[in-house]
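One structure is given below, encoded as structure tokens.
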Amino acid sequence: MIQLFHLTKVHASGVQVLDNAFFSVPAGAFMVVAGENRAGKSTLLKLLAGEDKPTSGTVRIDQKDIYSLSSRDKQKWLSEVGFIFPDLKLFADKTVEENILFPLRVRGSFAEDQKIPVAKLLERAGLQAQAAHKPSDLSSGELKMAIALRAMVFKPRLLLADDPFLGMDPKSALTLWRLFAELHKSGTTVLISLQRTQDLAAAGETLREISLTMVQLQDGKLTPIEGIA
Amino acid sequence: MNRLAQFFYVVQEGFRQMIRAKGLSAAVIVTVAAALFQLSIFLGVDRVLDRALSSAQESFEMVVFLAPSAQPADVQRVQSLLTADSRVAAVKVITKDEALQDFRKDPDIDQMVQALGENPLPDSFNVTLKKEAADNVGDLIAQLKQDPQVDEVNYGQGQVETVSKLTQAVRCVGLFLGGFIFLAALFIISNTLTLSLWARRDDLAMMARLGAPSWMRWGPYVWEGFLQGFSGALLVCVLLELIHRSSSALLQAFGGFSELLDLPTQDWVSLYLTLGFLGAALGALGAFLALRKKWVREIQ
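Residue numbers (the numbering used here), protein chains in the order written: chain A, 1 to 229; chain B, 1 to 300.
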């Protein structure tokens, strides 16, 4: 379970994006955080990942303060999280397949053992033709999809996705929603931030199969939105 | 989690990085090769001088000249004194007649002796000393010089000391220059790898966020440094082996270097192994120093 305790974040510029936020994300939840541009969604996800520090308050993962973790425990925590962040790009010198294999390899899998599952995943995402290509050969939507696949391939405990559908066509967005739903079914807690709630429409029937929780981030406060799913 | 698979990844990435950055890798390899070649030259000179010193000590001889008035009894007495000494390996008596015979082999000296009409040479002893006693015969020489029938004692200790001092001087200069060259090579390697790290700083930071443990992030760079250093050493070994095999005449022409050719095969193998170890250590240490830089530690 992820718990936010009185989380406040004021940027160096003086802009306050979180104001005494108090919230819980149960293990295995599928949550969407909606908010306008500059509402603080990305900051919230970075705080949850332990990549940014709050001005006050804290985040606890299974009762452990994420900001007090030893470097070893923090590394362990990071190894259980899948990130889809705009600044987390693909390795330019590796092919799409190698990029997606990367999280598996650093977690102790031989590339040869994972090539078939990864090929299947690429096929489902419509990227099989780009498997041997370098990221520079991909379109913006394909890049987004490849980054999402890399975050999901090792079945993380928590998936943090910051506006993952931005720049994607509706068909790819639907595919990604389905992949998120499947990952969620396998036990992963999924937390997605969305600027455009229209992206939810791209999910179609997919979201009906899961119990979706949606919260609104506005003026630094997190407010649950009822009756979305 | 399979450690072997992770280790395999580090090894593979190290190779890939080395091949990908061909220019930087070539710079490191040439730097290591230059440093090790310089070291090999010093080792060669040191080896030659070492053998010269050893050879000088082995043939350390003392010549004891008796007074012209010495009688056979005096010859016997001095011979007994010498043979009784534990530091003496062998004593050979050269009578004045034998010495003269030897002298007269030279036609000019023969003419001089004929003009003199008598044998001016005294009886003498060629004394071969034991190797370990070469530096410790001062009291024996003093004892001999006190004998009224001993005219002169010549010994080659000065030569041994000269070679010994020369060897020490070459070692000191070699150590100083070798150390300096090694530090310079280390500096160049470390900075070259720092450039490589700087070029991949975003990837390094990203690897941590993708769950790569610390050792898997720095491992490929240390392995890359190790490989580059070892490749530099390999280059020097090939070069030395070529010189060894094809330039025998050249080495013999340069005084003393023929000693190198007489080295047994195992000494060459041992030299190559030492160079290989030093090269790999130099490369890995350079990479380690690059990784210890503050900004690198921060992005890791």
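The beta-carbon is built from N, C-alpha and C at its ideal position, and this holds for glycine as well.
Does DSSP put H11 (chain A) in a helix, a strand or coil?
Here residue 11 (chain A) refers to the residue found at position 11 of the first sequence. Residue state, collapsed to three classes: coil.
Taking only beta-carbon atoms, is S109 (chain A) less than 8 Å away from chain B?
Locating residue 109 (chain A) in the first sequence gives position 109, where the first residue counts as 1. Output row for S109 (chain A): interface = yes.
Tell me where the beta strand (DSSP E) around P220 (chain B) begins and ends.
Walking along the second sequence from the start, residue 220 (chain B) turns up at place 220. Looking at the DSSP string, P220 (chain B) is not in any beta strand (DSSP E); the run it does join, the alpha helix (DSSP H), is S214 to S246.
Go through its chain and collect everything with a Cβ distance to H11 (chain A)'s Cβ below 8 Å, but skip five positions before and after it.
The residue given as residue 11 (chain A) occupies position 11 in the first sequence. Cβ within range, chain order: V17 and T43.
Identify, in the order they occur along the chain, each residue of the same chain with its Cβ nearer than 8 Å to the Cβ of D78 (chain A), setting aside the five sequence neighbours on each side.
Here residue 78 (chain A) is taken as the residue at index 78 of the first sequence, counted from 1. This sequence places Leu at residue 78 (chain A); Asp is not what is there. Closer than 8 Å at Cβ, skipping near neighbours: A49 and G50.
Cβ of L301 (chain B) within 8 Å of any chain A Cβ
Because chain B in this structure spans residues 1 to 300, residue 301 (chain B) falls outside the shown range and cannot be described.
Among B:V91, B:L183 and B:L282, which one has its Cα closest to the Cα of G232 (chain B)?
The count along the second sequence starts at 1 and reaches residue 232 (chain B) at position 232. That would be B:L282, whose Cα lies nearest to the Cα of G232 (chain B).
So L141 (chain A) and T175 (chain A) are in contact, right, with Cβ under 8 Å, and what is the actual spacing, rounded?
As a working mapping, residue 141 (chain A) is identified with position 141 in the first sequence. As a working mapping, residue 175 (chain A) is identified with position 175 in the first sequence. Strictly speaking, residue 141 (chain A) in this sequence is Gly, with Leu absent from that position. With 8 Å as the limit, G141 (chain A) and T175 (chain A) do not qualify as a contact, their Cβ atoms being about 11 Å apart.
From the beta carbon of A21 (chain B), is the nearest beta carbon of chain A less than 8 Å away?
Along the second sequence, read from residue 1 onward, the residue named residue 21 (chain B) stands at position 21. So no, A21 (chain B) is outside the interface.
Check each candidate in A:F102, A:D163 and A:R107 and name the one with the smallest Cα separation from R3 (chain B).
As a first step, residue 3 (chain B) is located in the second sequence; it is residue number 3 there, counting from the start. Nearest of A:F102, A:D163 and A:R107 to R3 (chain B), Cα basis: A:R107.
Local Cβ density within 10 Å of L66 (chain B), reported as buried at 16 or more and exposed below that:
The residue given as residue 66 (chain B) occupies position 66 in the second sequence. L66 (chain B) counts as buried, since at least 16 other C-beta atoms from the protein chains shown sit within 10 angstroms of its C-beta.
What are the boundary residues of the alpha helix (DSSP H) that K145 (chain B) is part of?
Position 145 of the second sequence, counted from the start, is the residue given in the question as residue 145 (chain B). Its alpha helix (DSSP H) spans residues G138 to Q146.
I need the boundaries of the alpha helix (DSSP H) containing V118 (chain A), first residue and last residue.
One-based indexing of the first sequence puts residue 118 (chain A) at position 118. Start and end: A111 to R124.
With a 10 Å radius around its C-beta and 16 neighbouring C-beta atoms as the bar for buried, classify L116 (chain B) as buried or exposed.
Looking up residue 116 (chain B) in the second sequence gives position 116. Flag for L116 (chain B) reads exposed.
Can you tell me whether P54 (chain A) is helix, strand or coil according to DSSP?
Translated into the one-based positions of the first sequence, residue 54 (chain A) becomes position 54. Three-state DSSP puts P54 (chain A) in coil, outside helix and strand.
Helix, strand or coil, according to DSSP, for P224 (chain A) in the structure here?
What you label residue 224 (chain A) is simply residue 224 of the first sequence in a count that begins at 1. DSSP places P224 (chain A) in the strand class (E or B) of the three-state scheme.
Throw me the rounded Cβ distance for the S190 (chain B) and A21 (chain B) pair, which I believe falls under 8 Å.
Position 190 of the second sequence, counted from the first residue, corresponds to residue 190 (chain B). Position 21 of the second sequence, counted from the first residue, corresponds to residue 21 (chain B). Their Cβ separation, rounded to whole angstroms, is 15 Å, which puts S190 (chain B) and A21 (chain B) out of contact at 8 Å.
Measuring CA to CA, which of B:F37, B:E224 and B:Q6 is closest to L193 (chain B)?
Here residue 193 (chain B) corresponds to residue number 193 of the second sequence, with the count starting at 1. Closest by alpha carbon: B:E224.
Based on the DSSP output, what are the partners of Y155 (chain B) in its beta bridges?
Here residue 155 (chain B) is taken as the residue at index 155 of the second sequence, counted from 1. Answer by DSSP bridge pairing, in chain order: B:M62.
Using a Cβ-Cβ cutoff of less than 6 Å, which residues in the same chain neighbour Y155 (chain B) once the five nearest sequence positions on both sides are dropped?
On the second sequence, position 155 is the one that residue 155 (chain B) refers to. Correct list, in chain order: M62.
Which class does A6 (chain A) belong to by DSSP, given the choice of helix, strand or coil?
Stepping through the first sequence from its first residue, residue 6 (chain A) is reached at position 6. In the sequence on display, residue 6 (chain A) carries His and not Ala. If DSSP states are grouped into helix, strand and coil, H6 (chain A) belongs with the strands.
Nearest-angstrom Cβ-Cβ length linking K171 (chain A) and D19 (chain A), presumed shorter than 8 Å
Within the first sequence, residue 171 (chain A) is the residue found at index 171, counting from 1. Within the first sequence, residue 19 (chain A) is the residue found at index 19, counting from 1. 39 Å between Cβ atoms; not a contact.
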